[in-house]
Amino acid sequence: MDKRRNCRVMASLVVVQRVRRLAAEVKVEEALAEERTALAASDAAHWSCETAHQEWVSYIGRTSFSPEYSRALSRRLLDREAEAQDAAARADRKGEARSSSQRDLLERHAQLRQTERSARRMRRDVERRNEERKLAAANDRTTYVWWQQ
1 MDKRRNCRVM
11 ASLVVVQRVR
21 RLAAEVKVEE
31 ALAEERTALA
41 ASDAAHWSCE
51 TAHQEWVSYI
61 GRTSFSPEYS
71 RALSRRLLDR
81 EAEAQDAAAR
91 ADRKGEARSS
101 SQRDLLERHA
111 QLRQTERSAR
121 RMRRDVERRN
131 EERKLAAAND
141 RTTYVWWQQ
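Counted from 1, the sequence shown has number 73 at position 73 by the numbering used here; the numbering is strictly sequential.
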């Protein structure tokens, strides 16, 4: 009877492990979406920085030169470079978070496989014991009938 209860507990544990695996899969998908968004933002910031650099370079090459406008363009270029660096750092962090989520998912898969394997083994053991018990009872009845004759 104790083994049967353990089988029910193992079945419940398998269900819990499956739910955890599904949660880990959702977390990986969310992390992947966030990483893609961060990479897109990083690309946009990089192109914005390139555009500001081209504007600054083209202005410096002109014959007429206004120091105030030049400072404003250089400030904008520096701001865009800082934004691009921040966006790249965010994309790196999102990539690390995605990698961490994928490692967690792999661990959940392994835990689920191990739990399912243990549950199957325990179920087979219980079924084997029940079958042996039934065979022993049938054997005892047959032996009893044979001795009665």
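Glycine residues also receive a C-beta, built at the ideal position from the N, C-alpha and C atoms. What you are looking at is a predicted structure, and each value in this text was computed from that prediction instead of being measured.
What number of angstroms, rounded off, separates the C-alpha of A97 from the C-alpha of P67?
-> As a working mapping, residue 97 is identified with position 97 in the sequence shown. As a working mapping, residue 67 is identified with position 67 in the sequence shown. The alpha-carbon atoms of A97 and P67 are separated by roughly 45 Å.
Any chance you could list the beta strand (DSSP E) runs of at least 3 consecutive residues sitting entirely within the region 55-102, in chain order?
-> DSSP assignment within the region 55-102 yields no whole beta strand (DSSP E) run of 3 residues or more.
Indicate whether T115 and V15 have their beta-carbon atoms separated by less than 7 Å.
-> Your numbering for residue 115 matches position 115 in the sequence shown. Your numbering for residue 15 matches position 15 in the sequence shown. No. Outside cutoff.
Between the C-alpha atoms of R76 and S58, what's the straight-line distance to the nearest angstrom?
-> Here residue 76 corresponds to residue number 76 of the sequence shown, with the count starting at 1. Here residue 58 corresponds to residue number 58 of the sequence shown, with the count starting at 1. Looking at the two C-alpha atoms, the distance is approximately 14 Å.
What residue from C49, S99 and A91 has the CA that sits closest to A82's CA?
-> Here residue 82 refers to the residue found at position 82 when the sequence shown is read from its first residue. A82 has its Cα closest to that of C49, out of C49, S99 and A91.
What is the rounded straight-line gap between the Cα of A41 and the Cα of S118?
-> Translated into the one-based positions of the sequence shown, residue 41 becomes position 41. Translated into the one-based positions of the sequence shown, residue 118 becomes position 118. Here the alpha carbons of S118 and A41 stand approximately 46 Å from one another.
Reducing DSSP to helix, strand and coil, say where R5 ends up.
-> Your numbering for residue 5 matches position 5 in the sequence shown. When DSSP states are grouped into helix, strand and coil, R5 belongs to the helix group.
Is the Cβ-Cβ distance between A45 and A87 less than 7 Å?
-> Residue 45 sits at position 45 when you count from the first residue of the sequence shown. Residue 87 sits at position 87 when you count from the first residue of the sequence shown. Their beta carbons are under 7 Å apart, which means A45 touches A87 by this criterion.
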